[in-house]
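Counting the sequence shown from 1 gives a position; our numbering is that position plus 1.
Okay, structure first, notes after.
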Amino acid sequence: MARVPKDPRDIFPSIVDDYKGVFGDGLVSIIVYGSTACGEYVAGTSDINLMIVVSEDKIDSLEQAFGVIKKWRKHNVATPLLLTEDYVRTSLDVFPIEYLNFQNCHEVVYGKDILDELTFDPYLLRLQCEREIKGKLLLLREGFLETRGKGRYIQELISDSLHAFIAIFNGLLHLKGKELPRNGRDVVTEICATFGLDLVVFERLLDIKAKRIKPSAKELTELFKSYLKEVRRLWKVVDILEIGT
2 MARVPKDPRD IFPSIVDDYK GVFGDGLVSI IVYGSTACGE YVAGTSDINL
52 MIVVSEDKID SLEQAFGVIK KWRKHNVATP LLLTEDYVRT SLDVFPIEYL
102 NFQNCHEVVY GKDILDELTF DPYLLRLQCE REIKGKLLLL REGFLETRGK
152 GRYIQELISD SLHAFIAIFN GLLHLKGKEL PRNGRDVVTE ICATFGLDLV
202 VFERLLDIKA KRIKPSAKEL TELFKSYLKE VRRLWKVVDI LEIGT
């Protein structure tokens with residue numbers, strides 16, 4: 002059975018060697034993002050997320066990486082994002098939230114840091130934040146109805162949805178000129194303070210995701226209703242948010 006690393010950095014040199022073997026001089030960067038870069042990695046639970054940046058002439062040779070990806074998947078290394086510098090540069094207008102979060106929490110394992118100098122159009126960032134909040138609110142309502150009030154399903158819905166909201170929260174904090182925290186709980190604390198949301202509700206949601214508390218089905222239903230209410234309050238604020246204030 003393959004060993005899952007207690008510290009992902011122990012396997013980075015071997016990963017670099019393997020991808021250099023695949024892409025040669027066309028390997029621009031290997032960047033780790035997500036829980037590993039943010040200090041929230043839990044061995045055996047967390048995936049190790051990599052961004053592999055290659056040259057334009059190598060992006061059409063992805064099949065050469067099949068063996069390396071299979072090898073490292075056994076060590077909880079997720080299938081990496083494969084992209085080029087031009088793809089990143091031309092994607093900032095449509096995916097500002099995603100690249101902002103990559104920028105906030107990343108570590109260069111090899112090569113060039115393509116994320117550090119990225120800048121984001123605040124108007125496009127606000128628009129994506131609003132779109133994501135409204136879209137996810139609809140999905141939360143739909144998901145809640147599908148749980149039929151069963152506690153286990155409500156817990157799963159809470160756990161599955163929070164990560165996406167934390168990414169959106171970072172986008173909103175950036176618009177307010179705040180320094181972005183690297184820890185999810187700190188992000189929640191800051192967003193609640195900045196936008197007047199109920200911190201107690203979000204702390205309980207985080208505790209459920211972390212399996213620190215086990216509320217009854219009735220308690221979960223009431224908490225989820227509060228969750229929906231807070232998200233609805235947030236989109237109303239974001240809808241009229243003036244850039245630069």
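Where is the CB? At the ideal position from N, CA and C, for every residue including glycine.
It should be emphasised that the depicted structure is a prediction, and the values quoted were computed from it without experimental measurement.
| query | result |
| --- | --- |
| Could you spell out where the alpha helix (DSSP H) holding V89 opens and where it closes? | E86 to R90 |
| In the DSSP assignment, the beta strand (DSSP E) including Y111 goes from what residue to what residue? | H107 to G112 |
| To the nearest whole angstrom, what separates the beta carbons of T85 and I60, a pair I think is in contact under 8 angstroms? | 5 angstroms |
| What's the call for K237, buried or exposed, on a 16-neighbour Cβ count within 10 Å? | exposed |
| Rounded to the nearest angstrom, what separates K151 and R132 at their Cα positions? | 29 angstroms |
| Sort C39, E64, K21 and H76 by Cα distance to P6 and report the nearest one. | H76 |
| Taking the DSSP output, what are the residues bridged to N1? | The shown model of the chain, from 2 to 246, leaves out residue 1, and the question about it has no answer. |
| Quick check on L119: does DSSP put it in helix, strand or coil? | coil |
| Run through the stretch 171-208 for me and flag every whole alpha helix (DSSP H) of 4 or more residues, listed as ranges in chain order. | 185-196 |
| Per DSSP, L83 is paired with what? | I53 |
| How many angstroms separate the CA atom of L181 from the CA atom of F121? | 14 angstroms |
| Roughly how many angstroms lie between the CA atoms of G68 and Y20, to the nearest whole one? | 10 angstroms |
| Would you mind working out which of E41, V17, F24 and G22 sits nearest D8, comparing C-alpha positions? | E41 |
| Who pairs with V78 in a beta bridge, going by DSSP? | I49 |
| Is the beta carbon of I159 sitting closer than 8 angstroms to the one on V188? | no |
| Along the chain, where does the alpha helix (DSSP H) containing I16 start, and where does it finish? | F13 to F24 |
| DSSP three-state call for V29: helix, strand or coil? | strand |
| Nearest-angstrom Cα distance between M2 and K72? | Its pLDDT being 45, under 50, M2 is placed unreliably by the model, and nothing is read from it. |
| Output the distance between the C-alpha atoms of A194 and G22, rounded to the nearest integer angstrom. | 48 angstroms |
| According to DSSP, is V95 part of a helix, a strand, or is it coil? | coil |
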